[in-house]
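Residue numbers (the numbering used here), protein chains in the order written: chain C, 1 to 325; chain B, 1001 to 1560. Glycine included, C-beta positions come from ideal geometry on N, C-alpha and C. Below is one structure; the comments refer to it alone.
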């Protein structure tokens, strides 16, 4: 319990540091949102409109520290302001309407990659030198070294355009209304396959290798020999004795991965035009939409810290050694 | 540690589990494959005109025409202006107003509204709506400083009184989308109202199936020219970038795009020569290479002209712009302003013709001599300069690189700097840049262009934020000419001022004009016909500008 409290203190400090950075970093970027819009229009806007837009957006001209105080206040009251690039939608609404898709895509990909990768790692380590062990790691490392978006574009072209197996874009077909019915869920499912698959293909290799390496070390422990001597069934030894102990680093990785789900699939979202917040972040940065940028960064930071905190708690439960220290 | 020992046992169970999962995944993917997309190939006569937005990953249900982030089709199909101006043929088409008259002193404008126009809720359009629209616009957005007051003379006549003679105000006023007073007067905060179910006079007003990445705009039941509502409706699709939008387009899933398609002949037209077309009329703004005139040696017009002569505009338009742009001449005017161009001046241009030798001689004459292959500044240092371009504009970056090669031939070392546009624009605004590629103002007449290029009204000292005239050039002669242009009510007087402005531009070279920007646009006529083209240039192929409504009311569905 004391350990958890101590950790909590650390997390609060980290949270403060990150919200302060969130506040400062965008303001170091040159230019302001309205002149940015003006540049994008390249001659399509009248200079008079610039003053009009500044008036409409109510851009902040207060001193930096005043802005900071009101920013910190608004973070804790949950009021993140109004997005400029999606004016007049509140930031919380922009994030709220899109984070679900990001979580669905990132979560599915993470769970599938972790489960498949760990199982492959266990089996590969157990049958060291076997077919699986010699063929898969090099292959998966090879695939894993491709950038997400490259693989995504390849998959899009092969399975989407040439073979026509999967839809090319969006989270569901145009004209459908989201709802919990079979038709919509199936439709959203088919749209999820390709984006999730490309993320899985890139990440599964590191899961497998990580698991395989710890598993090999664990399998050399004396208690494994002991279990064998007792005549326990091989699968029982593999899962209950070896894999269970080798799983700890994977739990950490899973926690970290959970945190990064929120901001991680940006390029995949761009290639498949998936309506998550990754692309929205890119648009916010390009449009110098401070409120939205801050909101998304805040969400990502909070997600990473929260996931790490949860892992800490789970660790205390899983690994008795942590409790002693 | 002892080498790890792995028992050679067969974990059949797990292997089977893994293969089972893989098989299940494959079966699942096979079952769910082949999901259909929007109505590609639909020629029932009720097909929707499908338009992609490559710059919007998701839509917000905001149909407020005063909002700069209004959803697509708000200003193009739901609300209509008094007069439609097309940049393709520079014509004004009467729309909600049937005729207009400018007072002899240039201090007022009177519009006669069309009879029988109804809002999509059935109420008639009246002069009060127009008056209210301008009140609202001034309150929400400000601006329109020259506009003193707007009065409804009778139910179908509106008079705009100015505080000075200002003829360019016509296009700003005539192009404003008119909003219904009976709806908006009840809105508490019109600046932030998202207007989810808009009431407009346009051909397509009914929003249906609104989702984050798609929605439909269906027919206005009370439209004033029902014979022009030939298409059943518009479907908007959101995309996260040019690549995904272009994929949908070359696949035939959308009808009309204005996103940039590289090598369009091969990647798009060749796929279906019969139906796939594009047209890039030179209707865009003048793209300039601006030199910071507050810095030496660019403060010297002779140097500006010499640098301009060193630039190979033909290579820039052919290579950097794929042949889609037209080289500029010494009047500085784009092709849009052909009717204003002083042709005798344009024929005798000297400093916009590519001539390396003449450029070198001119630089010598101005006191910047070459020694050891390097041109020297007056203080003896090497003549070097930076060319700024935003990193997103790949075509302009290659234009800058061509200029760099051109300058090397006259002994000047140029460096092309490509940070993000935000950083570039910020250096333009503050006046801290050396040289850079930049757009210019593109209005209905050359008024806005010359005003922002050469007058002191837009001039800001270095360090103070400028919104135009980044190159910081002003001439009191130009101020007089531009004011005289705005005050003139007849075209022949205006023509005199524009001729004088062109002459001044030719003498002083405030910037180095490069080319007229093209207006991109491509379409497939497999499902709709009646598109604008070089033979019938009634509008540009832009699907988000003032002439879009002309296209929407001209298209016909293909019926088979």
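Problem - Proximity below 9 Å, CB of residue 1388 of chain B to CB of residue 1316 of chain B - result: Sequence index remark: in the second chain, residue 1388 of chain B carries index 388 (1-based). Sequence index remark: in the second chain, residue 1316 of chain B carries index 316 (1-based). No, Cβ-Cβ distance for residue 1388 of chain B and residue 1316 of chain B is not below 9 Å.
Exercise for the section: Could you pull out every residue in the same chain whose Cβ sits closer than 7 Å to the Cβ of residue 1046 of chain B, ignoring the five residues on either side in sequence? Expected result: For the purposes of this step, residue 1046 of chain B is taken as residue 46 along the second chain, with counting starting at 1. These residues qualify, in order along the chain: 1232.
Practice task
Give a yes or no on whether 9 Å exceeds the smallest Cβ distance from residue 1559 of chain B to chain C.
Solution key: Working through the second chain from its first residue, we reach residue 1559 of chain B at position 559. Output row for residue 1559 of chain B: interface = no.
Handout entry: Buried/exposed call for residue 1153 of chain B, threshold 16 Cβ in 10 Å
Key = One-based indexing of the second chain puts residue 1153 of chain B at position 153. With fewer than 16 other Cβ atoms within 10 Å, it is exposed.
Exercise for the section: Tell whether a beta-carbon distance below 9 Å holds between residue 109 of chain C and residue 1237 of chain B. Expected result: Along the first chain, read from residue 1 onward, the residue named residue 109 of chain C stands at position 109. Along the second chain, read from residue 1 onward, the residue named residue 1237 of chain B stands at position 237. No; because the gap between Cβ atoms is not below 9 Å, this pair is not in contact.
Exercise for the section: Step through the CB atoms of chain C and report whether any lies within less than 9 Å of the CB of residue 1399 of chain B. Expected result: As a working note, residue 1399 of chain B is residue 399 in the second chain. It does not: the Cβ of residue 1399 of chain B has no partner Cβ on chain C nearer than 9 Å.
Exercise for the section: List the residues that DSSP assigns as beta-bridge partners of residue 1289 of chain B. Expected result: Numbered from its first residue, the second chain carries residue 1289 of chain B at position 289. Partner(s): B:1437, B:1512.
Problem - Uninterrupted beta strand (DSSP E) stretches inside the region 1405–1453 of chain B (no shorter than 3 residues) - result: 1413–1417, 1435–1438
Problem - Between the CA atoms of residue 1312 of chain B and residue 1368 of chain B - distance to the nearest angstrom - result: As a first step, residue 1368 of chain B must be located in the second chain, where it is residue number 368. As a first step, residue 1312 of chain B must be located in the second chain, where it is residue number 312. Each residue's Cα considered, the two are about 21 Å apart.
Handout entry: Inter-residue CB distance, residue 1573 of chain B and residue 1255 of chain B (contact presumed, cutoff 8 Å)
Key = There is simply no residue 1573 of chain B to check, as chain B begins at 1001 and stops at 1560 in what is shown.
Exercise for the section: Taking only runs that begin and end inside the region 1043–1093 of chain B, name each unbroken beta strand (DSSP E) of 3 or more residues, in chain order. Expected result: 1049–1053, 1083–1086
Problem - chain B contacts made by the region 86–103 of chain C, where a contact means CB separation under 7 Å - result: 86, 87, 88, 89, 97, 98
Problem - Neighbourhood of residue 169 of chain C by C-beta, 7 Å cutoff - its chain only, sequence neighbours within 5 removed - result: For the purposes of this step, residue 169 of chain C is taken as residue 169 along the first chain, with counting starting at 1. Excluding positions up to five away in sequence, the list reads 272, 273.
Practice task
Tell whether a beta-carbon distance below 9 Å holds between residue 120 of chain C and residue 207 of chain C.
Solution key: Taking the first chain and counting its residues from 1, the one referred to as residue 120 of chain C is at position 120. Taking the first chain and counting its residues from 1, the one referred to as residue 207 of chain C is at position 207. Yes, these two residues count as a Cβ contact at 9 Å.
Practice task
Would you kindly report the start and end of the unbroken alpha helix (DSSP H) that includes residue 226 of chain C?
Solution key: Translated into the one-based positions of the first chain, residue 226 of chain C becomes position 226. Here the alpha helix (DSSP H) through residue 226 of chain C covers 222–230.
Practice task
Would you decide whether residue 1310 of chain B is buried or exposed? Buried here means 16 or more other CB atoms lie within 10 Å of its CB.
Solution key: If you number the second chain from 1, residue 1310 of chain B lands on position 310. Answer is buried; the Cβ neighbour count reaches 16.
Practice task
Kindly say whether residue 161 of chain C, judged by its beta-carbon, lies nearer than 9 Å to any beta-carbon of chain B.
Solution key: For this step, residue 161 of chain C is matched to residue 161 along the first chain. Judged by the 9 Å Cβ criterion, residue 161 of chain C is in contact with chain B.
Problem - N-terminal and C-terminal residue of the alpha helix (DSSP H) that residue 65 of chain C is part of - result: For this step, residue 65 of chain C is matched to residue 65 along the first chain. That run of the alpha helix (DSSP H) goes 64–77.
Exercise for the section: Check each residue of the region 1413–1435 of chain B: if its Cβ is closer than 7 Å to any Cβ of chain C, include it; give the result in chain order. Expected result: 1421, 1422, 1423, 1425, 1426, 1429
Problem - Outcome for residue 16 of chain C when other beta-carbon atoms lying within 10 angstroms are tallied against a minimum of 16 - result: In the first chain, counting from the first residue as 1, residue 16 of chain C sits at position 16. Classification for residue 16 of chain C: exposed.
Handout entry: Nonlocal neighbours in the same chain, by C-beta distance under 7 Å from residue 101 of chain C, ignoring five residues either side
Key = Here residue 101 of chain C refers to the residue found at position 101 when the first chain is read from its first residue. Taken in chain order, the residues that qualify are 171, 274, 275, 276.
Exercise for the section: Determine the direct distance from the alpha carbon of residue 237 of chain C to that of residue 222 of chain C, and round the result to whole angstroms. Expected result: On the first chain, residue 222 of chain C is found 222 positions in, with the first residue counted as 1. On the first chain, residue 237 of chain C is found 237 positions in, with the first residue counted as 1. Going by the C-alpha atoms only, they are around 12 Å apart.
Exercise for the section: Give a yes or no on contact between the region 1502–1514 of chain B and the region 1245–1262 of chain B, applying the rule of three or more CB pairs nearer than 8 Å. Expected result: no
Handout entry: residue 1106 of chain B to residue 1144 of chain B span [Cα, whole Å]
Key = Residue numbering aside, residue 1106 of chain B sits at position 106 when the second chain is read from its first letter. Residue numbering aside, residue 1144 of chain B sits at position 144 when the second chain is read from its first letter. In a straight line, the C-alpha of residue 1106 of chain B is about 16 Å away from that of residue 1144 of chain B.
Practice task
Output yes if chain B places a C-beta closer than 9 Å to the C-beta of residue 175 of chain C; else output no.
Solution key: Numbered from its first residue, the first chain carries residue 175 of chain C at position 175. Interface residue, yes.
Problem - Cβ separation of residue 245 of chain C and residue 218 of chain C, assumed to be a contact under 8 Å, to the nearest whole Å - result: Position 245 of the first chain holds residue 245 of chain C. Position 218 of the first chain holds residue 218 of chain C. Confirmed, about 5 Å.
Problem - residue 1197 of chain B - DSSP class collapsed to helix/strand/coil - result: Here residue 1197 of chain B corresponds to residue number 197 of the second chain, with the count starting at 1. Looking at residue 1197 of chain B - three-state DSSP - the assignment turns out to be coil, as it is neither helix nor strand.
Practice task
Pick out the complete alpha helix (DSSP H) segments inside the region 1465–1520 of chain B, 4 residues or longer, and give them in chain order.
Solution key: 1476–1487, 1491–1508
Practice task
To the nearest angstrom, report how far apart residue 1551 of chain B and residue 1539 of chain B are at their CA atoms.
Solution key: Stepping through the second chain from its first residue, residue 1551 of chain B is reached at position 551. Stepping through the second chain from its first residue, residue 1539 of chain B is reached at position 539. Cα to Cα, the separation comes out at about 7 Å.
Handout entry: Within 8 Å of chain C by C-beta, residues of the region 1229–1241 of chain B in sequence order
Key = 1235, 1237, 1238, 1239, 1240, 1241
Problem - Inter-residue spacing [alpha-carbon to alpha-carbon] between residue 1205 of chain B and residue 98 of chain C - result: Numbered from its first residue, the second chain carries residue 1205 of chain B at position 205. Numbered from its first residue, the first chain carries residue 98 of chain C at position 98. Near 27 Å, if we compare the C-alpha coordinates of residue 98 of chain C and residue 1205 of chain B.
Problem - Limits of the unbroken beta strand (DSSP E) element including residue 1111 of chain B - result: Counting from 1 along the second chain, the entry for residue 1111 of chain B is found at position 111. Residue 1111 of chain B -> beta strand (DSSP E) spans 1108–1113.
Practice task
Give the residues of chain B in contact with residue 288 of chain C, contact being defined as C-beta atoms less than 9 Å apart.
Solution key: The sequence position of residue 288 of chain C within the first chain is 288, counting from 1. Neighbours of residue 288 of chain C on chain B, chain order: 1422.
Problem - is_contact[residue 1528 of chain B, chain C] using C-beta, thresh 9 Å - result: Along the second chain, one-based indexing puts residue 1528 of chain B at 528. Closer than 9 Å: no.
Exercise for the section: List in chain order: all unbroken beta strand (DSSP E) runs of 3+ residues lying wholly within the region 1141–1198 of chain B. Expected result: 1147–1154, 1157–1162
Handout entry: chain C residues whose Cβ lies nearer than 8 Å to that of residue 1371 of chain B
Key = Here the question's residue 1371 of chain B lines up with position 371 in the second chain. In chain order: nothing, as chain C lies at least about 37 Å away.
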